Amino acid sequence: MAVPKKRTSKARRDKRRATHKISAPRLNSCPRCHSPRLPHRVCPVCGTYAGREVISHEIAEQPAGGGSAGAEG
Ligand SMILES: [Zn+2]
Numbered sequence: 107m108a109v110p111k112k113r114t115s116k117a118r119r120d121k122r123r124a125t126h127k128i129s130a131p132r133l134n135s136c137p138r139c140h141s142p143r144l145p146h147r148v149c150p151v152c153g154t155y156a157g158r159e160v161i162s163h164e165i166a167e168q169p170a171g172g173g174s175a176g177a178e179g
């Protein structure tokens, strides 16, 4: 296993971490309902992607989260 030869100084460490700032996600508007939507994602409001409906309206109304279908045991 590779081992660092020299200890990273505080200045070098902090200069590296200075670029780790979190930024707000870029949002595009949905071409159908014009609501903010992440690029390359299905619209959570109308459930469409690339002009066609991917998620039916019943599922699209509920917030997309969790989705645990794990029935173990
Ligand atoms: Zn939409």
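All residue numbers for the sequence shown refer to the working numbering, where the first residue is 107 and numbers rise by one.
Beta carbons: idealized from backbone N, C-alpha and C, even for Gly.
Just so we're clear, the structure is a prediction, and the values are computed from it rather than from any experiment.
Based on DSSP bridge pairs, tell me the residues matched to residue i.
i	result
T125	Answer is none; T125 lacks a bridge partner.
S135	P142
Who are the Cβ neighbours of residue i in its own chain at under 7 Å, not counting the five residues just before and after it?
i	result
P131	L144
With a Cβ-Cβ cutoff of 9 Å, do residue i and residue j count as a contact?
i	j	result
V151	S162	no
Pick out whichever of the options has its Cα sitting closest to the Cα of residue i.
i	options	result
C139	K111, I128, G153	G153
P137	R122, D120, Y155	Y155
S135	R123, G157, R118	G157
Grab me the residues of residue i's own chain with a C-beta within less than 8 Å of its C-beta, minus the 5 sequence neighbours each way, in chain order.
i	result
R113	none
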